[in-house]
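Colleague: Take a look at this one; I'll ask things after.
Protein chains: 2
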Amino acid sequence: MCAGVPDSELMVLERAVTDLHIDPRGTIVDEGEPAQHMFNVTAGTVKVYKLLPDGRRQIIGFLMAGDFIGLAVRQSYAYSAEAVTPVRLCRFPRKKLEELFERYPSMEKRLLGLAANELAVAQDLMLLLGRKTAKERLATFLIMLSDRARRLGMPSNPVSLPMSRTDIADYLGLTTETVSRAFTQLKNLKLIRLDTTSQAQILDVEALRDLTEGGS
Amino acid sequence: MCAGVPDSELMVLERAVTDLHIDPRGTIVDEGEPAQHMFNVTAGTVKVYKLLPDGRRQIIGFLMAGDFIGLAVRQSYAYSAEAVTPVRLCRFPRKKLEELFERYPSMEKRLLGLAANELAVAQDLMLLLGRKTAKERLATFLIMLSDRARRLGMPSNPVSLPMSRTDIADYLGLTTETVSRAFTQLKNLKLIRLDTTSQAQILDVEALRDLTEGGS
DNA sequence: CGTAAGATTGAGTCCCTTCAAAGCAAGTGG
DNA sequence: CCACTTGCTTTGAAGGGACTCAATCTTACG
């Protein structure tokens with residue numbers, strides 16, 4: 047039910063856990079608000095982002111089944127989160143969660159592992175944002191989604207792109223126009239084919255993966 | 047001695063801990079190598095970075111006293127680390143550390159907190175790399191160093207810049223030339239003054255902090 | 001279908017990069 | 001003690017990749 051939390055331990059939480067359904071564009075958390083809950087995505091796609099006062103936006107990550115929102119949380123949320131598709135969530139009150147930690151210290155070890163993963167992903171994204179070209183960024187993004195789908199036991203090849211071009215742009219540090227042009231470039235190179243706007247067929251995984259690291 | 051680890055717990059490790067001194071440009075860990083150790087910086091500045099095959103580099107962070115290298119580690123290091131200044135380190139074998147976790151589960155909570163911090167810093171850097179201008183990036187960098195110095199109980203105003211312009215560029219996702227020009231811009235705006243290449247006086251903290259978020 | 005929102009394409013501009021040269025600071029040897 | 005060297009920083013000029021602005025096209029949905 048709530049991925050990553052064994053049933054036996056979940057029992058303790060059962061009364062405190064809420065099962066939420068959020069529609070696309072629905073807000074899950076707002077940057078700056080007191081962080082009272084932690085969420086676990088059980089279905090759908092969530093975007094997590096930060097804003098500058100003038101509206102510039104950087105999407106920090108797209109979360110899918112099994113991912114946590116509010117893992118790295120302190121007093122208040124450091125980012126906002128919004129549903130991209132219809133989303134199902136488990137919501138835990140943080141206080142209850144801390145009680146749970148007292149009783150099952152092994153949970154902290156698991157959370158530490160998750161945090162380590164997130165950190166590694168974040169560092170890869172920094173390399174992308176700081177040093178990759180638009181084409182390389184999009185190639186990396188597609189490979190990333192493909193790999194993640196496989197890890198979740200879903201088909202890895204027609205890559206599903208539930209988010210808009212604007213969202214992709216805000217994740218890759220580009221504009222929608224540049225993202226669109228990069229799609230066209232990859233199409234012209236015969237590396238991908240767009241079945242629909244939101245579904246990309248990878249035609250040459252190897253070449254695409256090379257592009258990811260600059261293999262011209 | 048080893049910041050962040052209480053003496054009582056440290057006793058258990060004492061035979062396994064090594065006190066290291068590394069000269070500037072000395073390598074601490076190499077990306078891809080098996081992650082056998084975890085390090086705690088006790089003095090000096092360390093840069094942590096990732097490379098692309100063609101040599102493009104992104105510095106993930108500058109670590110100072112109290113910071114950990116290898117916190118987010120899995121099988122092998124996901125990045126390289128190198129001394130910027132003369133550095134003092136505590137080195138823990140990871141195996142011993144895990145034994146310690148068995149005995150003192152509270153240590154995991156502390157590490158989780160540290161990881162949460164790192165994650166928040168990483169997310170701020172993503173916003174910087176994806177969405178800020180060169181001037182804003184440098185302003186953010188200076189404020190960041192100033193705030194960190196204060197947290198470490200050191201003077202926060204003449205900001206110490208032990209790293210080269212190239213290192214700053216590779217951290218901010220820019221070139222050395224652009225970093226240099228951004229310094230000149232901030233000087234012309236009377237927001238900072240460069241006492242020496244490696245020491246910047248902040249003349250107007252408020253204005254600099256505004257620039258950080260686009261308050262042109 | 002008809003409409004609106006999103007995606008793509010085009011043209012021109014700008015900020016950062018690239019390439020190149022000059023300036024500066026620190027260390028060495030005469 | 002100072003010319004000389006060497007490496008880093010700063011400045012300059014030209015170029016390019018991504019951005020901006022704008023129009024067209026496509027898709028989704030009532």
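If you read the protein sequences in the order shown, they are chains A and B.
Numbering-wise, the numbering used here comes out as the position in the first sequence, counting from 1, plus 46.
Numbering-wise, the numbering used here comes out as the position in the second sequence, counting from 1, plus 46.
Where a beta carbon is used, it is the ideal one built from N, C-alpha and C, also for glycine.
In this structure, does DSSP put residue 76(B) in helix, strand or coil?
Modeller: coil
Colleague: Does residue 47(A) pass the burial test, meaning 16 or more other C-beta atoms within 10 Å, or should it be called exposed?
Modeller: Low local confidence applies: a pLDDT of 47 at residue 47(A) is under 50, so the model's placement there is unreliable, with the coordinate-based value given in what follows. Exposed, because fewer than 16 other Cβ atoms sit within 10 Å of the Cβ of residue 47(A).
Colleague: At a Cβ cut of 8 Å, what residues of the stretch 92-125 of chain B count as close to chain A, listed as they run along the chain?
Modeller: Across the stretch 92-125 of chain B, CB contacts with chain A closer than 8 Å involve 96, 98, 99, 100, 102, 103, 104, 106, 117, 118, 119, 120, 124, 125, in sequence order along the chain.
Colleague: Our contact map puts residue 108(A) next to residue 84(A) with C-beta atoms below 8 Å; I'd like the distance itself, whole angstroms only.
Modeller: Not really, about 18 Å apart at Cβ, beyond 8 Å.
Colleague: How many Å lie between residue 150(B) and residue 88(B) at the Cα?
Modeller: In a straight line, the C-alpha of residue 150(B) is about 22 Å away from that of residue 88(B).
Colleague: Use the C-beta contact count for residue 198(B): other C-beta atoms within 10 angstroms, 16 or more gives buried, fewer gives exposed.
Modeller: exposed
Colleague: So, with DSSP's three-state summary, where would you put residue 102(B)?
Modeller: coil
Colleague: Report whether the distance from the Cβ of residue 261(B) to the nearest heavy atom of the ligand COA is below 7 Å.
Modeller: Looking at this structure, you won't find the ligand COA or any other ligand, since it has none at all.
Colleague: Apply the 10 Å Cβ neighbour rule to residue 96(B) and answer buried if 16 or more other Cβ atoms are within range, or exposed otherwise.
Modeller: It counts as buried.
Colleague: Do the stretch 209-217 of chain A and the stretch 155-167 of chain A meet, that is, are 3 or more Cβ pairs less than 8 Å apart?
Modeller: no
Colleague: For residue 47(B), which three-state DSSP category applies?
Modeller: No answer about residue 47(B) holds up, because its pLDDT of 47 lies below 50 and its placement is not dependable.
Colleague: Which residues in the same chain have their Cβ closer than 6 Å to the Cβ of residue 256(B), if we skip the five residues on either side of it in sequence?
Modeller: For residue 256(B), where only same-chain residues beyond five positions count, there are no Cβ hits under 6 Å.
Colleague: Need the endpoints of the beta strand (DSSP E) that residue 128(B) sits in, please.
Modeller: Counting along the chain, the unbroken beta strand (DSSP E) around residue 128(B) starts and ends at 126-129.
Colleague: What is the rounded straight-line gap between the Cα of residue 124(A) and the Cα of residue 62(B)?
Modeller: Taking the straight line joining both Cα atoms gives about 37 Å.
Colleague: Candidates 121(A), 259(A), 184(A): which alpha carbon is nearest residue 222(A)'s?
Modeller: 184(A)
Colleague: Given that a residue counts as buried once 16 or more other Cβ atoms are within 10 Å of its Cβ, and exposed if not, what is residue 69(A)?
Modeller: exposed
Colleague: Name the residues in the stretch 144-173 of chain A whose C-beta lies less than 9 Å from a C-beta of chain B; which are they?
Modeller: Listed in sequence order: 147, 151, 152, 154, 155, 157, 158, 159, 161, 162, 163, 164, 165, 166, 168, 169, 170, 171, 172, 173.
Colleague: For the candidate residues 106(B), 153(B), 131(B), 249(B), whose alpha-carbon lies nearest to that of residue 192(B)?
Modeller: 249(B)
Colleague: Suppose the cutoff is 7 Å on Cβ atoms and the five residues either side in sequence are ignored; what does the same chain contact list for residue 241(B) look like?
Modeller: 204, 247
Colleague: Smallest Cα separation from residue 273(B): which of 65(B), 116(B), 86(B)?
Modeller: The requested residue 273(B) does not occur in the structure, where chain B is confined to residues 47 to 262.
Colleague: Would residue 175(B) count as contacting chain A if we go by Cβ distances under 8 Å?
Modeller: yes
Colleague: Note down, in chain order, every chain B residue with its Cβ under 8 Å from the Cβ of residue 260(A).
Modeller: 98, 99, 100, 102
Colleague: Is residue 219(B) close to chain A? Criterion is C-beta to C-beta, closer than 8 Å.
Modeller: yes
Colleague: If we call anything under 8 Å between Cβ atoms a contact, is residue 134(B) one with residue 90(B)?
Modeller: yes
Colleague: Could you tell me which whole alpha helix (DSSP H) segments of length 4 or greater appear in the stretch 113-184 of chain B?
Modeller: Listed in chain order, the complete alpha helix (DSSP H) runs (minimum 4 residues) inside the stretch 113-184 of chain B are 140-149, 152-177.
Colleague: Mind checking which residues open and close the beta strand (DSSP E) that includes residue 220(B)?
Modeller: Counting along the chain, residue 220(B) falls outside any beta strand (DSSP E), and DSSP gives it neither H nor E.
Colleague: Looking at the strands, I want to know which residues DSSP matches up with residue 242(A).
Modeller: 245(A).
Colleague: Under a three-way DSSP split, which group does residue 204(A) fall into?
Modeller: strand
Colleague: With a threshold of 8 Å between beta carbons, is residue 47(A) in contact with chain B?
Modeller: Because the pLDDT of residue 47(A) is 47, which lies under 50, any placement of that residue in the model is unreliable, and the question is left without a value.
Colleague: For residue 92(A), which three-state DSSP category applies?
Modeller: strand
Colleague: Using three-state DSSP, classify residue 254(A) as helix, strand or coil.
Modeller: helix
Colleague: With DSSP as the reference, label residue 63(B) as helix, strand or coil.
Modeller: When DSSP states are grouped into helix, strand and coil, residue 63(B) belongs to the coil group.
Colleague: Of the residues 80(A), 245(A), 258(A), which one's Cα is nearest the Cα of residue 179(A)?
Modeller: 258(A)
Colleague: Find the nearest neighbour of residue 219(B) within the set 216(A), 176(A), 238(A), 200(A), judged by alpha-carbon distance.
Modeller: It is 176(A).
Colleague: If contacts are defined as beta-carbon pairs under 8 Å, then residue 161(A) and residue 118(A) qualify, I think. What distance do you get, rounded to the angstrom?
Modeller: About 7 Å separates the beta carbons of residue 161(A) and residue 118(A), which is inside the 8 Å limit, making them a contact pair.
Colleague: Output needed for residue 233(A): all residues of its chain with C-beta closer than 7 Å, excluding positions within five of it in sequence on either side, in chain order.
Modeller: Same-chain partners within the cutoff: 239, 240.
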